[in-house]
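**Student:**
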Amino acid sequence: MKVYKYAKDLGDLNTALREAFEVKANPYKWDTLGKNKTLLMVFFNSSLRTRLSTQKAGMNLGMNTIVLDVNAGAWKLETERGVIMDGDKPEHLLEAIPVMGSYCDLIGVRSFARFESKEFDYNEVILEQFIKYSGKPVFSMESATCHPLQAFADLITIEEYKEKERPKVVLTWAPHPRVLPQAVPNSFCDFMNEANVDFVITHPKGYELCPDFVRGAKIEYDQRKAFEGADFIYAKNWSAYNDGVYGQILSKDMNWTVDTEKMALTNNAFFMHCLPVRRNMIVTDDVIESERSIVIPEAANRVVSAQTVIKRMLNEIIY
Ligand code: CP
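In my numbering, the protein residues as written are 1342 to 1660.
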């Protein structure tokens, strides 16, 4: 069964974008496609946008939707094999997953990086267990290393707002008080590397992302230089990826906050962020409230990206 995790899983991105714009123009055109089909969304972590947009996407396609918050009302789940389960976790994921699979036709999983081990996170142990044991098609609603529905929505938004054929898109690290995963920047890199954009990544030294996602992208350690001539600024915090410091905060340098002075270096760039965003850490009030901030339409496009992917998955199980 196909898993939607990487840009390549969508096939030709221009075709995927055309489908997405069709979905956006006429969201209820396929409102019987999901009749008598159930979408289960399993959340191991909090969410506002993913929860609402994915549920709305399923409903637009006529699906029944079930949401399970694993940490709010479900049995606490053991995830490791070989553990003597004499603690506070009465159920093992290896029984829970096939049970969940028996109640639905498609499963979306949100399960963040744990930062206990880079190997555990980058092997996507939780998502992979759903893929292996649920018996149903699975998609990532942000897993340990990827957030494809966010990155696809970002690409849709860039395509809608771009003012030139091949815009310059800059992914910039920005400070944050807590340890955050690399999933959003990983998937953003993955999608931008496949898109028709001039893609530049800027971050302090030590914040290099996983090479599998960065691939051939340009890295510029001088944030101001990176911003010059940019058409889109995509801000995001992430924790360190490198061995020995994996999952650590190496800097909270507020000189990296996106402000009006830095935006003035750009080609009147649009400002993007996946949200939720820490104002005046990642970005100043003035920039996020400016007329070039497109964070709200970007979030709205989460319905479009989710609906396009779920529509494809329904077609794959029906036909
Ligand atoms: N951008 C995003 O995934 O938002 P949530 O964490 O609120 O779902």
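The beta-carbon is built from N, C-alpha and C at its ideal position, and this holds for glycine as well. All values derive from a computational prediction rather than experimental measurement.
Start and end of the beta strand (DSSP E) containing L1447?
**Tutor:** Here residue 1447 refers to the residue found at position 106 of the sequence shown. Its beta strand (DSSP E) spans residues L1447 to R1451.
**Student:** Could you tell me which uninterrupted beta strand (DSSP E) segments, each at least 3 residues in length, are contained entirely in the stretch 1440-1493, listed from first to last along the chain?
**Tutor:** Unbroken beta strand (DSSP E) stretches of 3 residues or longer found wholly inside the stretch 1440-1493: 1447-1451 and 1479-1481, given in chain order.
**Student:** Quick one: grab the DSSP three-state call for E1504.
**Tutor:** Along the sequence shown, one-based indexing puts residue 1504 at 163. Coil, per DSSP.
**Student:** What is the residue span of the beta strand (DSSP E) that N1596 lies within?
**Tutor:** Taking the sequence shown and counting its residues from 1, one reaches residue 1596 at position 255. First-last for N1596: undefined, no H or E at that position.
**Student:** Can you tell me whether D1420 is helix, strand or coil according to DSSP?
**Tutor:** Residue numbering aside, residue 1420 sits at position 79 when the sequence shown is read from its first letter. At residue 1420 the sequence reads Thr, which differs from the Asp that was named. Residue state, collapsed to three classes: coil.
**Student:** Taking 8 Å as the threshold, find out whether the stretch 1431-1438 comes into contact with the stretch 1411-1421 through three or more Cβ pairs.
**Tutor:** yes
**Student:** Could you check which residue in L1496, M1533 and D1446 has the C-alpha nearest to that of R1359?
**Tutor:** Taking the first residue of the sequence shown as position 1, residue 1359 is located at position 18. Cα-wise, what sits closest to R1359 is L1496.
**Student:** Give a yes or no on contact between the stretch 1378-1388 and the stretch 1352-1369, applying the rule of three or more CB pairs nearer than 8 Å.
**Tutor:** no
**Student:** Between L1389 and the ligand CP, is the CB less than 7 Å from at least one heavy atom?
**Tutor:** Stepping through the sequence shown from its first residue, residue 1389 is reached at position 48. Because some heavy atom of the ligand CP lies under 7 Å away, the Cβ of L1389 counts as near it: yes.
**Student:** Would you give the residue range spanned by the beta strand (DSSP E) that N1405 belongs to?
**Tutor:** Here residue 1405 refers to the residue found at position 64 of the sequence shown. Looking at the DSSP string, the run of the beta strand (DSSP E) that includes N1405 is N1405 to D1410.
**Student:** Could you tell me which uninterrupted alpha helix (DSSP H) segments, each at least 4 residues in length, are contained entirely in the stretch 1489-1577, listed from first to last along the chain?
**Tutor:** 1489-1502, 1524-1535, 1552-1555 and 1564-1568
**Student:** Over the uninterrupted alpha helix (DSSP H) stretch that includes M1654, give me the two end residues.
**Tutor:** As a working note, residue 1654 is residue 313 in the sequence shown. Where M1654 is concerned, the enclosing alpha helix (DSSP H) stretches over V1636 to I1659.
**Student:** In chain order, what residues of the same chain lie with their CB nearer than 7 Å to the CB of V1645, ignoring the 5 residues before and after it?
**Tutor:** Locating residue 1645 in the sequence shown gives position 304, where the first residue counts as 1. Counting only Cβ-Cβ distances below 7 Å, and skipping sequence neighbours, we find A1361, V1364, K1365, A1494 and I1497.
**Student:** Specify whether the stretch 1476-1496 and the stretch 1404-1415 touch according to this definition: at least 3 beta carbon pairs, one from each stretch, less than 8 Å apart.
**Tutor:** no
**Student:** Does the distance between the C-beta of R1619 and the nearest non-hydrogen atom of the ligand CP fall short of 7 Å?
**Tutor:** Position 278 of the sequence shown, counted from the first residue, corresponds to residue 1619. No, the Cβ of R1619 stays beyond 7 Å of every heavy atom of the ligand CP.
**Student:** Whole angstroms is fine: what's the gap from T1395's alpha carbon to T1406's?
**Tutor:** Counting from one through the sequence shown, the residue named residue 1395 turns up at place 54. Counting from one through the sequence shown, the residue named residue 1406 turns up at place 65. Going from the Cα of T1395 to the Cα of T1406 covers about 9 Å.
**Student:** Is L1380 near the ligand CP - that is, is its Cβ less than 7 Å away from at least one heavy atom of it?
**Tutor:** Start at 1 with the first residue of the sequence shown, and residue 1380 comes out as number 39. Not under cutoff, so the answer is no.
**Student:** Where P1526 and M1426 are concerned, what is the direct C-alpha to C-alpha distance, given to the nearest angstrom?
**Tutor:** Counting from one through the sequence shown, the residue named residue 1526 turns up at place 185. Counting from one through the sequence shown, the residue named residue 1426 turns up at place 85. C-alpha separation (whole angstroms): 36 Å.
**Student:** Taking DSSP as the reference, what is the three-state secondary structure of L1389?
**Tutor:** Position 48 of the sequence shown holds residue 1389. In the structure shown, L1389 adopts coil according to DSSP, grouped into three states.
**Student:** Can H1488 be considered in contact with the ligand CP, in the sense that its beta carbon sits closer than 7 Å to one or more heavy atoms?
**Tutor:** What you label residue 1488 is simply residue 147 of the sequence shown in a count that begins at 1. Within the cutoff, so yes.
**Student:** Under 8 Å, do Y1582 and E1561 count as touching if we go by C-beta distance?
**Tutor:** Stepping through the sequence shown from its first residue, residue 1582 is reached at position 241. Stepping through the sequence shown from its first residue, residue 1561 is reached at position 220. The answer is no: Cβ separation not under 8 Å.
**Student:** How would you label K1376, buried or exposed, when you count the other beta carbons within 10 angstroms and need 16 or more for buried?
**Tutor:** What you label residue 1376 is simply residue 35 of the sequence shown in a count that begins at 1. So K1376 counts as exposed.
**Student:** Determine contact between the stretch 1508-1515 and the stretch 1553-1570, defined as no fewer than three beta-carbon pairs at a distance below 8 Å.
**Tutor:** yes
**Student:** Which term fits T1356, buried or exposed, when burial requires 16 or more other beta carbons within 10 angstroms of its beta carbon?
**Tutor:** Counted from its first residue, the sequence shown places residue 1356 at position 15. Exposed, because fewer than 16 other Cβ atoms sit within 10 Å of the Cβ of T1356.
**Student:** Closest to R1519 by C-alpha separation, out of L1490, V1618 and M1533, would be which residue?
**Tutor:** For the purposes of this step, residue 1519 is taken as residue 178 along the sequence shown, with counting starting at 1. Selected option, being the one with the closest Cα: V1618.
**Student:** Beta-carbon within less than 6 Å of I1472's beta-carbon, same chain only, minus the 5 sequence neighbours each way: which residues are those?
**Tutor:** Here residue 1472 is taken as the residue at index 131 of the sequence shown, counted from 1. Answer for I1472: V1344 and V1479, listed in chain order.
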